[in-house]
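2 protein chains.
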Amino acid sequence: MNSISVFYLLLWTGVSSFKFEDLAQYVSTHEEDFIETLRKWIAVESDSSDITKRSDLDRMMDMTAEKLRLIGGRVEMIDVGAQALPNGSTIALPKVVTAQFGSDPSKRTVCVYGHVDVQPAKKEDGWATDPYDLTEINGNLYGRGASDNKGPVLAWIHTVEVYKALNIELPVNVKFIIEGMEETGSNGLDEMIVAQKDTFFSDVDYIIISDCVWLSKRPAMTYGTRGNCYFFAEVEGPKKDLHSGVYGGTVIEPMTDLIGILDKLISPSGKILIPGIREAVAPLSDEEWKMYQDIEFDVESYKQEIGVDELMYSNKVDLLTHRWRYPTVSIHGIEGAFSSSGSKTVIPAKVIAKFSIRQVPNMDPAMVEKQVTEYLQSVFAKRKSPNKLNVTMIIGAKPWLADPTHPLFEAGKAAFKRVFDVEPDLIREGGTIPVARTFQDVTGKSIIMLPIGGFDDGLHSQNEKLSRHNYIEGTKLFIAYLHEVSQIKKY
Amino acid sequence: MNSISVFYLLLWTGVSSFKFEDLAQYVSTHEEDFIETLRKWIAVESDSSDITKRSDLDRMMDMTAEKLRLIGGRVEMIDVGAQALPNGSTIALPKVVTAQFGSDPSKRTVCVYGHVDVQPAKKEDGWATDPYDLTEINGNLYGRGASDNKGPVLAWIHTVEVYKALNIELPVNVKFIIEGMEETGSNGLDEMIVAQKDTFFSDVDYIIISDCVWLSKRPAMTYGTRGNCYFFAEVEGPKKDLHSGVYGGTVIEPMTDLIGILDKLISPSGKILIPGIREAVAPLSDEEWKMYQDIEFDVESYKQEIGVDELMYSNKVDLLTHRWRYPTVSIHGIEGAFSSSGSKTVIPAKVIAKFSIRQVPNMDPAMVEKQVTEYLQSVFAKRKSPNKLNVTMIIGAKPWLADPTHPLFEAGKAAFKRVFDVEPDLIREGGTIPVARTFQDVTGKSIIMLPIGGFDDGLHSQNEKLSRHNYIEGTKLFIAYLHEVSQIKKY
Chain A
33 MNSISVFYLL LWTGVSSFKF EDLAQYVSTH EEDFIETLRK WIAVESDSSD
83 ITKRSDLDRM MDMTAEKLRL IGGRVEMIDV GAQALPNGST IALPKVVTAQ
133 FGSDPSKRTV CVYGHVDVQP AKKEDGWATD PYDLTEINGN LYGRGASDNK
183 GPVLAWIHTV EVYKALNIEL PVNVKFIIEG MEETGSNGLD EMIVAQKDTF
233 FSDVDYIIIS DCVWLSKRPA MTYGTRGNCY FFAEVEGPKK DLHSGVYGGT
283 VIEPMTDLIG ILDKLISPSG KILIPGIREA VAPLSDEEWK MYQDIEFDVE
333 SYKQEIGVDE LMYSNKVDLL THRWRYPTVS IHGIEGAFSS SGSKTVIPAK
383 VIAKFSIRQV PNMDPAMVEK QVTEYLQSVF AKRKSPNKLN VTMIIGAKPW
433 LADPTHPLFE AGKAAFKRVF DVEPDLIREG GTIPVARTFQ DVTGKSIIML
483 PIGGFDDGLH SQNEKLSRHN YIEGTKLFIA YLHEVSQIKK Y
Chain B
33 MNSISVFYLL LWTGVSSFKF EDLAQYVSTH EEDFIETLRK WIAVESDSSD
83 ITKRSDLDRM MDMTAEKLRL IGGRVEMIDV GAQALPNGST IALPKVVTAQ
133 FGSDPSKRTV CVYGHVDVQP AKKEDGWATD PYDLTEINGN LYGRGASDNK
183 GPVLAWIHTV EVYKALNIEL PVNVKFIIEG MEETGSNGLD EMIVAQKDTF
233 FSDVDYIIIS DCVWLSKRPA MTYGTRGNCY FFAEVEGPKK DLHSGVYGGT
283 VIEPMTDLIG ILDKLISPSG KILIPGIREA VAPLSDEEWK MYQDIEFDVE
333 SYKQEIGVDE LMYSNKVDLL THRWRYPTVS IHGIEGAFSS SGSKTVIPAK
383 VIAKFSIRQV PNMDPAMVEK QVTEYLQSVF AKRKSPNKLN VTMIIGAKPW
433 LADPTHPLFE AGKAAFKRVF DVEPDLIREG GTIPVARTFQ DVTGKSIIML
483 PIGGFDDGLH SQNEKLSRHN YIEGTKLFIA YLHEVSQIKK Y
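Residue numbers (this note's numbering), protein chains in the order written: chain A, 33 to 523; chain B, 33 to 523.
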């Protein structure tokens with residue numbers, strides 16, 4: 033036990049009054065009701081990326097608010113403004129739903145964040161079932177949003193509902209903040225968090241996010257996410273696209289220049305070639321290496337999932353660390369060049385490469401922007417091209433990292449132990465969940481990511497699912513977790 | 033004068049009976065009629081790339097046939113089969129129109145090739161006028177197809193028409209072959225040429241193509257075109273696109289591999305790095321260098337046209353030779369990667385680069401295919417990537433090169449001298465006109481490209497035009513040219 037976790041002390045008098053068995057029993061007997069609610073939520077095509085579905089999304093926010101009201105919450109629907117559309121017009125953003133259950137100043141207050149919008153999904157994309165008709169096959173509940181994030185949000189709502197139904201006092205005050213634009217960049221949310229910093233968030237102790245998944249069959253808690261610096265590198269030459277037959281050989285082609293500088297970003301073995309980037313990364317301690325070594329992760333299954341024979345590294349620790357705690361460069365594509373099937377004999381006049389560098393402690397996006405820009409400009413200068421290179425960083429999202437020995441995680445361990453009878457893995461996430469960093473920076477509260485989704489849930493993919501087991505036992509986990517959090521000594 | 037051109041001898045008795053002034057006078061007095069016909073042809077949106085316009089294109093072929101019949105031609109409309117559509121269905125190709133005027137075995141027989149389909153054009157693309165409503169501004173006739181190729185085709189038809197109207201016997205037999213799929217790859221034409229080799233083409237002496245433009249304000253004749261080897265280089269890795277946050281750092285990304293091999297095709301200074309390519313190029317003789325030196329070409333205007341401050345070479349001969357008689361590599365784009373505006377955090381699973389190498393004598397497409405494939409595979413092998421590289425050549429079009437001292441070109445010089453009172457430039461074309469090479473390979477006939485379009489006609493671009501002067505004087509040029517060709521001694 034380390035210096036922080038000694039503060040985590042069970043109050044034994046409290047434990048004796050925790051009627052976990054009664055609460056868990058209620059969940060089990062109402063299993064079908066909970067699945068029925070999930071079915072109703074999945075049936076709403078709340079795709080935030082498609083503005084023609086905005087009325088469905090608005091209805092989804094109303095249903096969320098209604099459900100929270102029904103179980104006794106003090107609910108508000110916060111107007112977060114409008115979204116600008118490419119054609120110049122605007123459309124109202126879906127309201128953000130907040131709810132409050134209890135305001136006892138002697139209790140801890142947790143705030144559960146989640147979202148009820150979904151990624152696009154069509155049967156034709158390769159779904160075995162209708163993505164908006166929750167279908168159970170072999171214990172899995174298939175449907176768009178089942179795991180990301182309607183299922184986990186409902187598990188949290190049911191958690192409160194069960195306490196209420198059994199007339200058992202909630203051990204902590206519970207707040208909710210549920211948005212409808214997560215899949216499209218959480219438009220309006222940052223401003224809302226900043227605006228409510230000293231009101232809604234003032235009495236919040238901890239923020240809980242259940243918008244991620246386990247790494248393997250073994251349950252997990254997430255204590256970090258990578259950030260992301262997303263770059264546009266634009267090379268501009270002739271004033272218009274040219275015919276490659278007529279002009280080829282006389283013109284210094286922007287595409288050749290762009291390929292030339294992109295090739296200098298990362299080596300075939302994955303080494304980032306931009307000076308200063310690797311030096312900024314926090315060194316891996318022996319203790320951390322040991323943590324990685326203990327994580328349940330099967331390299332062969334990972335290969336199979338991706339469909340490759342060989343990965344960048346062959347051992348577990350190298351793979352996991354390069355997935356979560358080291359930066360990497362991905363080149364996503366090129367705008368302005370020919371990208372259709374077939375052939376076209378064009379010399380594109382202006383091409384824009386899109387690439388991103390995942391961020392980890394102690395990288396600083398402002399510094400990364402400077403390093404990347406200066407490096408690419410110097411590589412480009414060596415080409416002595418008359419074309420113009422313009423490098424811009426359009427996203428600079430910082431990584432989020434929590435202390436995995438914080439009492440919030442100790443509480444999680446106890447809850448997992450009680451419900452799943454297992455020690456959860458402590459994992460990180462290679463992707464970026466910007467709201468975690470925003471919560472941390474704006475509210476200064478401690479945050480935990482407590483997933484109940486399985487490693488094979490297929491988020492953002494075809495045949496997304498949440499298993500019946502994870503949905504129901506996950507609700508029990510949350511019930512146990514609220515109790516464990518209530519036991520964290522104020523210090 | 034060289035050994036071939038000594039065979040070009042004027043038959044002075046013939047010259048005296050050539051009533052050029054009468055014929056030219058008729059053209060001048062019927063100028064407005066000829067423009068009116070062009071207006072009717074321009075009004076037909078015969079865009080061969082758009083199958084929804086196929087009925088317009090069919091109508092255009094009918095109009096062409098009708099016009100040729102009206103002036104006494106023996107016209108046929110040749111069925112060249114059907115076009116396969118991406119959805120698996122087929123649509124009939126526009127018929128190829130052939131016509132014959134005279135079959136006197138004592139005369140020379142020329143065959144004029146042209147096309148009456150056009151590139152797409154919309155007012156919104158940036159046209160100052162309606163592209164399908166021929167509009168005259170400052171002596172220029174603006175409209176899609178005005179220069180490419182309806183105007184020159186009509187100039188040829190009017191040439192025959194004028195002889196007929198004045199009841200002057202054509203000095204040569206004239207055949208026409210007019211297609212409607214040139215802008216889309218001349219579908220069906222090669223097979224038709226092969227099929228008619230011993231029938232339609234059996235008595236043809238020379239083939240004339242007027243589907244190109246001058247290089248400057250000075251008239252020009254074209255004696256060569258570059259060929260084109262078009263490649264797809266596909267790198268395939270994971271079985272599906274991956275999220276760059278979740279998987280980035282562990283996967284060897286196909287896009288990085290592809291960028292790595294594309295960067296090895298050509299140096300920043302334009303040197304092709306594929307072994308064997310440069311060695312295959314015919315050396316530039318001193319005589320040829322001198323020819324290039326004499327061509328009228330203003331480097332500054334060329335820069336201005338393209339909109340760049342600097343070109344790959346600074347002097348005229350280097351620029352023209354690299355435009356016409358040296359190979360070059362152009363990278364057109366990448367299929368399968370992210371190519372839209374905005375950002376997407378994707379690791380594309382399969383990416384296909386499209387690039388082409390312009391062909392010149394003595395390159396051989398089959399050898400180029402081998403050189404490129406072996407080189408890219410060897411460069412790729414050094415990366416030790418587990419991804420798969422597949423290189424395929426989808427087009428292997430050979431260059432076309434005529435002897436510019438052939439009597440066909442001497443005849444052209446005489447005609448230009450008579451009508452424009454100037455010695456035309458002898459130029460080549462950087463682009464590929466595959467039909468020229470097909471005519472040469474299949475029929476074995478000599479070919480000349482005799483353009484009347486101006487250097488600034490904007491082929492394939494917005495505001496395409498043909499000047500009234502070039503349209504009318506070009507018709508007179510063709511009238512004079514038929515006479516000059518009739519004077520070529522059979523040898």
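Yeah, the Cβ is synthetic: ideal placement off N, Cα and C, and Gly gets one too. In this text the structure is predicted, and so the values were computed from the model without any measurement.
query                                                                                                                                                                : result
Counting contacts by CB-CB distance shorter than 9 Å, is residue 390 (chain A) in contact with chain B?                                                              : yes
Determine the DSSP secondary structure at residue 44 (chain A), reduced to helix, strand or coil.                                                                    : In this prediction, residue 44 (chain A) scores a pLDDT of 39, lower than 50, which makes its location untrustworthy; the coordinate-derived value is nonetheless stated afterwards. Three-state DSSP puts residue 44 (chain A) in a helix.
Anyone know if the C-beta pair for residue 515 (chain A) and residue 307 (chain A) falls short of 9 Å?                                                               : no
What span of residues does the alpha helix (DSSP H) with residue 54 (chain B) cover, start to end?                                                                   : 52 to 61
Using CA coordinates, which residue listed in B:293, B:341, B:107, B:141 is at the minimum distance from residue 127 (chain B)?                                      : B:107
Roughly how many angstroms separate the alpha carbons of residue 135 (chain B) and residue 208 (chain B), rounded to a whole number?                                 : 13 Å
Taking the alpha helix (DSSP H) that residue 501 (chain B) falls in, what are its first and last residues?                                                           : 500 to 518
Residue 241 (chain B) and residue 480 (chain B) - do their beta-carbons sit closer together than 9 Å?                                                                : yes
Just verifying my parser: in three-state terms, what is the DSSP assignment at residue 234 (chain A)?                                                                : coil
Three-state secondary structure (DSSP) at residue 321 (chain A)?                                                                                                     : helix
Can you name the residues of chain A whose CB is closer than 9 Å to the CB of residue 364 (chain B)?                                                                 : 276, 287, 369, 370, 375, 376, 377, 378, 379, 380
Rounded to whole angstroms, how far is the Cβ of residue 150 (chain A) from the Cβ of residue 177 (chain A), which I believe are closer than 8 Å?                    : 4 Å
Considering only residues of the same chain and omitting the five flanking positions on each side of residue 492 (chain B), which have a CB-CB separation below 6 Å? : 151
Would you list the one or two residues that DSSP bridges to residue 116 (chain B)?                                                                                   : B:122
Could you give the first and the last residue of the continuous beta strand (DSSP E) run that contains residue 253 (chain A)?                                        : 252 to 257
In terms of residue numbering, what span does the alpha helix (DSSP H) encompassing residue 333 (chain B) cover?                                                     : 331 to 338
Run through the DSSP bridge pairs and tell me what residue 130 (chain B) is partnered with.                                                                          : B:108, B:209
Identify whether residue 275 (chain A) lies in helix, strand or coil by the three-state DSSP scheme.                                                                 : strand
Can you pull the chain B residues whose beta carbon is under 7 Å from the beta carbon of residue 341 (chain A), in chain order?                                      : 418
Skipping 5 residues on each side, what residues in its chain have a beta carbon closer than 8 Å to that of residue 500 (chain B)?                                    : 63, 67, 168, 171, 172, 173
Going along chain B in order, which residues have a C-beta closer than 8 Å to the C-beta of residue 358 (chain A)?                                                   : 281
Within 9 Å (strictly less), CB to CB, does residue 181 (chain A) reach chain B?                                                                                      : no
Quick one: grab the DSSP three-state call for residue 266 (chain A).                                                                                                 : strand
Along the region 261 to 273 of chain A, what residues have a CB closer than 9 Å to any CB found in chain B?                                                          : 262, 264, 269, 270, 271, 272
Cα separation between residue 286 (chain B) and residue 280 (chain A)?                                                                                               : 27 Å
Give the DSSP-derived three-state secondary structure of residue 303 (chain A) in the structure shown.                                                               : coil
Where residue 227 (chain B) and residue 476 (chain B) are concerned, what is the direct C-alpha to C-alpha distance, given to the nearest angstrom?                  : 14 Å
Under the three-state reduction of DSSP, which class applies to residue 457 (chain B): helix, strand or coil?                                                        : strand
Rounded to a whole number of angstroms, what is the C-alpha to C-alpha distance between residue 189 (chain A) and residue 97 (chain A)?                              : 11 Å
Can you tell me where the beta strand (DSSP E) holding residue 524 (chain A) begins and where it ends?                                                               : The question about residue 524 (chain A) has no answer, for chain A in this structure spans 33 to 523.
For a cutoff of 9 Å on Cβ pairs, would you count residue 301 (chain A) as touching chain B?                                                                          : yes
Under 7 Å Cβ-Cβ, which residues of chain B neighbour residue 457 (chain A)?                                                                                          : Neighbours of residue 457 (chain A) on chain B: none; closest Cβ ~16 Å, over 7 Å.
Pairing CB atoms from the region 345 to 365 of chain B with CB atoms from the region 346 to 355 of chain A, are three or more of them under 8 Å?                     : no
What's the C-alpha gap between residue 100 (chain B) and residue 131 (chain B)?                                                                                      : 7 Å
In chain B, what lies closer than 8 Å to residue 344 (chain A) by C-beta?                                                                                            : 281, 282, 283, 284
How big is the Cα-Cα spacing for residue 376 (chain B) and residue 468 (chain B)?                                                                                    : 45 Å
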